[in-house]
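Chemist: Mind having a look at this structure? Questions to follow.
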Amino acid sequence: VVPKTPGMVLNENAMGLIKLTHAEARSYIHVGVELELDQKHSPYLKDTEDAGCCHDLEGYLHLLDGYHGKGKKFELATGRDIALVNKSCDFLKDEYLIPPAW
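Here this note's numbering is used: the first residue of the sequence shown is 17, the next is one more, and so on.
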């Protein structure tokens with residue numbers, strides 16, 4: 017699913033509609049494959065259903081940093097500070113002593 021397309025949501029099952037709108041490049045551009053990121057794979061994150069945390073950019077970046085493929089162990093790779101995850105929410109486990117929304 018393309019989350020932000022002006023005025024419509026499309027997926028790969030709508031190829032006929034995509035071909036019709038392809039002339040208008042701003043309507044849809046396929047950018048790759050879907051990554052199934054799950055906060056439960058990170059040992060740093062709380063198990064929460066809070067949409068404010070689950071859709072936070074820093075949370076996504078954290079999950080991407082630790083993602084090494086489907087079925088592979090979550091392991092941070094770039095040295096990003098985990099404190100960034102709590103920059104605008106309360107997503108890190110309390111044991112890391114990072115205040116929420118700092």
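We put the CB at the ideal spot given by N, CA and C, even for glycine.
Just so we're clear, the structure is a prediction, and the values are computed from it rather than from any experiment.
Return the first residue and the last residue of the alpha helix (DSSP H) that tyrosine 112 is part of.
Modeler: Start at 1 with the first residue of the sequence shown, and residue 112 comes out as number 96. Tyrosine 112 -> no alpha helix (DSSP H), and no H or E assigned at all.
Chemist: In this structure, how does DSSP classify leucine 92 when only helix, strand and coil are distinguished?
Modeler: Counting from one through the sequence shown, the residue named residue 92 turns up at place 76. Looking at leucine 92 - three-state DSSP - the assignment turns out to be coil, as it is neither helix nor strand.
Chemist: Over what stretch of residues does the alpha helix (DSSP H) that includes alanine 67 continue unbroken?
Modeler: Counting from 1 along the sequence shown, the entry for residue 67 is found at position 51. That run of the alpha helix (DSSP H) goes 67 to 70.
Chemist: Comparing C-alpha positions only, which one of Arg96, Leu80, Gly95 sits nearest to lysine 89?
Modeler: Here residue 89 corresponds to residue number 73 of the sequence shown, with the count starting at 1. Of Arg96, Leu80, Gly95, the residue nearest in Cα terms is Leu80.
Chemist: Go ahead and pull the three-state DSSP assignment for leucine 53.
Modeler: Counting from 1 along the sequence shown, the entry for residue 53 is found at position 37. Coil at leucine 53, not helix or strand.
Chemist: Among Glu50, Gln55, Gly87, whose alpha-carbon lies nearest the alpha-carbon of phenylalanine 107?
Modeler: By 1-based counting over the sequence shown, the position of residue 107 is 91. Ranking Glu50, Gln55, Gly87 by Cα distance to phenylalanine 107 puts Gln55 first.
Chemist: Taking the alpha carbon of cysteine 105 as the reference point, which residue from Glu52, Tyr83, His71, His84 has its own alpha carbon closest?
Modeler: Position 89 of the sequence shown, counted from the start, is the residue given in the question as residue 105. Cα-wise, what sits closest to cysteine 105 is His71.
Chemist: Does the distance from the C-beta atom of leucine 61 to that of histidine 84 stay below 9 Å?
Modeler: Along the sequence shown, read from residue 1 onward, the residue named residue 61 stands at position 45. Along the sequence shown, read from residue 1 onward, the residue named residue 84 stands at position 68. No, they are not a contact pair.
Chemist: Tell me whether asparagine 29 is buried or exposed, calling it buried when 16 or more other Cβ atoms sit within 10 Å of its Cβ.
Modeler: Translated into the one-based positions of the sequence shown, residue 29 becomes position 13. Asparagine 29 is exposed by the Cβ-count criterion.
Chemist: Could you name the residues of the same chain whose beta carbon sits closer than 7 Å to that of lysine 103, not counting the 5 residues immediately before and after it, in chain order?
Modeler: Here residue 103 corresponds to residue number 87 of the sequence shown, with the count starting at 1. The residues are Glu74, Trp118.
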